[in-house]
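Engineer:
Number of protein chains: 2
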Amino acid sequence: MSLDFQLPPRERLLQAAVELLANSDGAAVSTRKITELAGVTAPTLYHHFGDKEGLFDAVVAVGFEQYFAREIGRANTEKPLDDVRRMWDQHVRFGIEQPHLYLVMFGNVRPGSRSNRVAEAEALLREKLDRAAEAGHLNVAPPDAVRSILAANIGVTLMLIAEPAAERNFELSDMTRDAVITAVSSDAGIADSATPVETSSVVVAAIALNAALESSNPQQLSSTEMKMFLEWLHRISKTS
Amino acid sequence: MSLDFQLPPRERLLQAAVELLANSDGAAVSTRKITELAGVTAPTLYHHFGDKEGLFDAVVAVGFEQYFAREIGRANTEKPLDDVRRMWDQHVRFGIEQPHLYLVMFGNVRPGSRSNRVAEAEALLREKLDRAAEAGHLNVAPPDAVRSILAANIGVTLMLIAEPAAERNFELSDMTRDAVITAVSSDAGIADSATPVETSSVVVAAIALNAALESSNPQQLSSTEMKMFLEWLHRISKTS
DNA sequence: CCCTTCATATAGCAATGCTATAGGTGATAC
DNA sequence: GTATCACCTATAGCATTGCTATATGAAGGG
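Residue numbers (the numbering used here), protein chains in the order written: chain A, 129 to 368; chain B, 129 to 368.
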């Protein structure tokens, strides 16, 4: 019921904490369970880490490095905003794959005191966005862009974690990601003059859809389906 | 050192919890402190609320109502997306003014289980976005829009709460708000340059029709026809 | 061999959420 | 009036939590 006794107690404590955090389904992980699994008594934990939070910080540092370290020394693309997109995706993936670690890092918000993990994540993003600003791709000051993107990134990840794994909709991530990145980007492909569709009733909407379908002939429906679909549309727009 | 003894114990407990949550600077609030301040012993708390979480839920329900209730019965603007903007701002304001209550509501993420407060907030937003979809102002399906907006909204609020009050940058909120709302909106036309305009207007019309059908429940189609019809609509409105 | 220093253990404290059990209090039935 | 019964509250205490005062062991330098 305990770990590799070849390792020094400090490492065993870290390993035990990781394992318990990964397996306890969101329930709190006690120092006693950790020390027990590590085959060690309480004072050793506090000797090495000072705190329970100190231990978790050490655990989190490992996980953080594990997912983001490669990003630190990485050669930069010529498109910094693509780097930002990749970091966003890595962030979300980390949250999904290690929800407990993620919640230790970003889930414990306390008023008026930023966690240093948030600061680290900010720094990583900041680097990319400074580069983007230099290249003239930014619409707003880098610090503002960083906060907006990171806030949305964390919000999306928390929401995905909270959702039952079965019904997780990952488009949420892509959509929100592109939304905030586009908003801070100056080379935004804002193809404007999309005429607002004035539809306030079923009938008007049906007519609009009918017209749109006939003109663009999309691939989502087979021809027979399309035929029936248009017939129903006709029926809807006739009556009422 | 205790509250109005005219009130029944249940109310005193609620009042004490509110007061302690508001004054303790992010530190945990214990049941003992609450019962002590309420001039009541432990079993009364558990008799009335079952749980510590039950008590907090009741407290939160009050705060929730306090800030969002007016929104529920409110007359709707002719511009639903403006309603969404107003709700976003109210959400952030609530988080800033009552950070402890807010954190009880939205700060305790646990893997795989959505809090019912999130569900309530979703429902409120959903209402507005359904209206927006009916009016043809939406670019994506309402449920997706709701999640994206709410996730960003919570993320921004959490980040603002975590920042030292002195250096809070509220432009973060406006910026991110407009980013996500614009992204789901068809009016502002962030059309991806890759997708042809005709297709996107089909999508908008399909979403609008879908929303209109679901809200008005017309008689022109049988229930089986309606089911298939909606399924096709869903397929069309998926921007592959 | 003694002394210092680091690392671990024994034992226990105060605070936490919660509960088994009993007492009290009011309304209703007779 | 009195008995009954449901509801509300109190006494006392349990198990678990994070953490620590103190002591013991081992390793190395003088």
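We treat Cβ as the ideally placed atom computed from N, Cα and C, and that holds for glycine.
Name the residues in the segment 275 to 292 of chain B whose C-beta lies less than 9 Å from a C-beta of chain A; which are they?
Structural biologist: Residues passing the 9 Å Cβ filter: Arg275, Ser276, Ile277, Leu278, Ala279, Ala280, Asn281, Ile282, Gly283, Val284, Thr285, Leu286, Met287, Leu288, Ile289, Ala290, Glu291, Pro292.
Engineer: Which chain A residues are close to B/Glu225, counting only those with a beta carbon under 9 Å from its beta carbon?
Structural biologist: Result: empty, since nearest Cβ-Cβ is about 11 Å, beyond 9 Å.
Engineer: Just how far apart, CA to CA, sit A/Ala307 and A/Glu139?
Structural biologist: In a straight line, the C-alpha of A/Ala307 is about 42 Å away from that of A/Glu139.
Engineer: Candidates B/Ile162, B/Val284, B/Glu225, B/Val237: which alpha carbon is nearest A/Asp153's?
Structural biologist: For the residues B/Ile162, B/Val284, B/Glu225, B/Val237, the minimum Cα distance to A/Asp153 belongs to B/Val237.
Engineer: Skipping 5 residues on each side, what residues in its chain have a beta carbon closer than 6 Å to that of A/Ser276?
Structural biologist: Correct list, in chain order: Val308.
Engineer: Anyone know if the C-beta pair for B/Ala166 and B/Pro208 falls short of 8 Å?
Structural biologist: Result no, Cβ atoms of B/Ala166 and B/Pro208 do not sit closer than 8 Å.
Engineer: List the residues of chain A whose Cβ lies closer than 7 Å to the Cβ of B/Leu257, in chain order.
Structural biologist: Near B/Leu257 there are no residues of chain A at all, since even the closest Cβ is about 14 Å away, more than 7 Å.
Engineer: According to DSSP, is A/Leu266 part of a helix, a strand, or is it coil?
Structural biologist: Looking at A/Leu266 - three-state DSSP - the assignment turns out to be strand.
Engineer: Which residue comes first and which comes last in the alpha helix (DSSP H) that contains A/Asn297?
Structural biologist: Premise fails: A/Asn297 is in no alpha helix (DSSP H) and is neither H nor E.
Engineer: For A/Arg376, I'd like the list of residues in its chain whose CB is within less than 7 Å of its CB, leaving aside the five on either flank, ordered along the chain.
Structural biologist: One cannot answer for residue 376 of chain A here, as it falls past the ends of chain A, which runs 129 to 368.
Engineer: Would you check if the distance between the CB atom of B/Ile289 and the CB atom of B/Tyr230 is smaller than 8 Å?
Structural biologist: Result yes, Cβ atoms of B/Ile289 and B/Tyr230 sit closer than 8 Å.
Engineer: Are the segment 292 to 299 of chain B and the segment 279 to 288 of chain A in contact at 8 Å, needing three or more beta carbon pairs?
Structural biologist: Judged by Cβ distances under 8 Å, the segment 292 to 299 of chain B makes no contact with the segment 279 to 288 of chain A, as fewer than three pairs qualify.
Engineer: Alpha carbon to alpha carbon, what distance is there between B/Leu253 and A/Thr159?
Structural biologist: Each residue's alpha carbon lies about 41 Å from the other.
Engineer: Quick one: does B/Thr159 have its CB under 8 Å from some CB of chain A?
Structural biologist: No, no contact with chain A.
Engineer: Three-state secondary structure (DSSP) at A/Ser241?
Structural biologist: If DSSP states are grouped into helix, strand and coil, A/Ser241 belongs with the strands.
Engineer: Is there a Cβ of chain A sitting closer than 8 Å to that of B/Ser241, yes or no?
Structural biologist: It does: the Cβ of B/Ser241 has a partner Cβ on chain A nearer than 8 Å.
Engineer: Go to A/Glu139, then tell me how far its alpha helix (DSSP H) extends in each direction, as first and last residue.
Structural biologist: Per DSSP, A/Glu139 belongs to the alpha helix (DSSP H) from 137 to 151.
Engineer: Taking buried to mean at least 16 other C-beta atoms within 10 Å of its own C-beta, is A/Pro270 buried or exposed?
Structural biologist: By the neighbour-count rule (16 or more Cβ atoms within 10 Å), A/Pro270 is buried.
Engineer: Between B/His175 and B/Met303, what straight-line distance do the alpha-carbon atoms span, to the nearest angstrom?
Structural biologist: Rounded to whole angstroms, B/His175 to B/Met303 spans 46 Å at the Cα level.
Engineer: Quickly, what does DSSP pair B/Ser313 with across the bridge? List them, please.
Structural biologist: Paired residues: B/Leu266.
Engineer: Please classify B/Glu262 as buried or exposed, where buried requires at least 16 neighbouring CB atoms within 10 angstroms.
Structural biologist: Classification for B/Glu262: buried.
Engineer: Taking only beta-carbon atoms, is A/Val232 less than 8 Å away from chain B?
Structural biologist: By this cut-off, A/Val232 is not an interface position.
Engineer: Would you kindly check if the distance between the Cβ of A/Val312 and the Cβ of A/Ser301 is under 8 Å?
Structural biologist: No. Outside cutoff.
Engineer: Using a Cβ-Cβ distance under 8 Å, would B/Val246 count as near chain A?
Structural biologist: Yes, its Cβ sits closer than 8 Å to a Cβ of chain A.
Engineer: Could you tell me whether any Cβ in chain A is nearer than 8 Å to the Cβ of B/Gly191?
Structural biologist: Taking Cβ atoms only, chain A never reaches closer than 8 Å to B/Gly191, which makes this a no.
Engineer: Along chain B, which residues have their Cβ under 7 Å away from the Cβ of A/Asn151?
Structural biologist: Ordered by position in chain B, no residue passes the 7 Å Cβ test against A/Asn151, which lies about 12 Å from the chain.
Engineer: So what's B/Asp179 in DSSP terms, helix, strand or just coil?
Structural biologist: Note: B/Asp179 maps to coil in three-state DSSP.
Engineer: Taking beta-carbon pairs under 8 Å, can you tell me which members of the segment 299 to 313 of chain A lie near chain B?
Structural biologist: From the segment 299 to 313 of chain A, only Glu299, Leu300, Met303, Thr304, Asp306, Ala307, Val308, Thr310, Ala311, Val312 have a Cβ closer than 8 Å to chain B.
Engineer: Taking the C-alpha atoms as reference points, what is the distance between A/Ile162 and A/Val190?
Structural biologist: When rounded, the distance between both Cα atoms is 17 Å.
Engineer: Please check the pair B/Arg305 and B/Arg214, which I expect to be a contact at CB under 8 Å, by giving their CB distance rounded to whole angstroms.
Structural biologist: Incorrect: roughly 10 Å between the Cβ atoms, too far for contact.
Engineer: In the DSSP assignment, find the unbroken alpha helix (DSSP H) run with A/Ala156 in it and report its ends.
Structural biologist: Taken as a continuous stretch (DSSP letters only), A/Ala156 belongs to no alpha helix (DSSP H), as it is neither H nor E.
Engineer: When we look at the beta-carbon of B/Thr169 and count the other beta-carbons within 10 Å, is it buried (16 or more) or exposed?
Structural biologist: Exposed is the call here.
Engineer: Can you tell me whether DSSP reads B/Gly223 as helix, strand or coil?
Structural biologist: Helix, per DSSP.
Engineer: Report the residue from B/Lys256, B/Pro239, B/Ile282, B/Glu255 whose alpha carbon sits nearest the alpha carbon of B/Gly223.
Structural biologist: Here the closest residue by C-alpha is B/Ile282.
Engineer: So B/Ser314 and B/Leu266 are in contact, right, with Cβ under 8 Å, and what is the actual spacing, rounded?
Structural biologist: Contact flag correct, Cβ pair sits at about 6 Å.
Engineer: Quick one: using the 10 Å Cβ neighbour count with 16 as the cut-off for buried, is B/Leu135 buried or exposed?
Structural biologist: By the neighbour-count rule (16 or more Cβ atoms within 10 Å), B/Leu135 is not buried but exposed.
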